[in-house]
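For the sequence shown, counting from 1, position 89 maps to 358 in our numbering; every step adds exactly one.
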Amino acid sequence: MSEIATLAELGAMHTVLAIPQPRAGADSFYTIAEVASGWAAGAGSAHDQDSYRRAMVRVADPDYEPELLIAPTRLTTSGWRMIDAIHRAAAFYNTRAAAGLSAIHLRVFVLPRPI
Numbered sequence: 270m271s272e273i274a275t276l277a278e279l280g281a282m283h284t285v286l287a288i289p290q291p292r293a294g295a296d297s298f299y300t301i302a303e304v305a306s307g308w309a310a311g312a313g314s315a316h317d318q319d320s321y322r323r324a325m326v327r328v329a330d331p332d333y334e335p336e337l338l339i340a341p342t343r344l345t346t347s348g349w350r351m352i353d354a355i356h357r358a359a360a361f362y363n364t365r366a367a368a369g370l371s372a373i374h375l376r377v378f379v380l381p382r383p384i
């Protein structure tokens, strides 16, 4: 288990959601901040919108801490990407940003090897 200390760190975390046509030399996976802003604006599939809405209900509790799973990878410049609970992470990111929080000290589970 590890920690994401700030909201900015959470927002910069790459996900397993691939960008359809990435720019040359850029990461080819969306970050939490990118999917969070899109889902908040109504973008994404019906599944994304439903999962995001359900996650928003859960994260409304100021003491709620989503269980997030990240894994090392050679596919992103950060060397990491979130592989589970992306909708909860996006909802958490948006609600905490709206509340003006920056320090979050969010516990995350880290896989020991790339998948």
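Ideal placement from N, C-alpha and C gives every residue a C-beta, glycine not left out. Remember, it's a predicted structure, so these values are computed and weren't measured experimentally.
Please state whether the Cβ-Cβ distance between residue i and residue j is less than 8 Å.
| i | j | result |
| --- | --- | --- |
| A305 | A359 | yes |
| I339 | R350 | yes |
| H356 | S314 | no |
Identify every residue that forms a DSSP beta bridge with residue i.
| i | result |
| --- | --- |
| M233 | Here the chain comprises residues numbered 270 to 384, so residue 233 is not present and cannot be evaluated. |
| R376 | E272 |
Who are the Cβ neighbours of residue i in its own chain at under 8 Å, not counting the five residues just before and after it?
| i | result |
| --- | --- |
| G348 | P341 and T342 |
If I measure Cβ to Cβ from residue i and keep anything under 7 Å in the same chain, skipping five residues before and after, which residues do I get?
| i | result |
| --- | --- |
| D296 | H283, T345 and T346 |
If we ignore side chains and look at the alpha-carbon of each, how far apart do residue i and residue j end up?
| i | j | result |
| --- | --- | --- |
| F361 | P335 | 8 Å |
| W308 | N363 | 10 Å |
Can you name, in chain order, every residue of its own chain whose Cβ lies under 6 Å from the Cβ of residue i, other than the five neighbours on each side?
| i | result |
| --- | --- |
| I273 | L279, L375 and V377 |
| P291 | S297 |
For this session: Report the residue ranges of all beta strand (DSSP E) runs contained in full by the region 285-336; include only those spanning at least 3 residues, in chain order.
Result: 298-300
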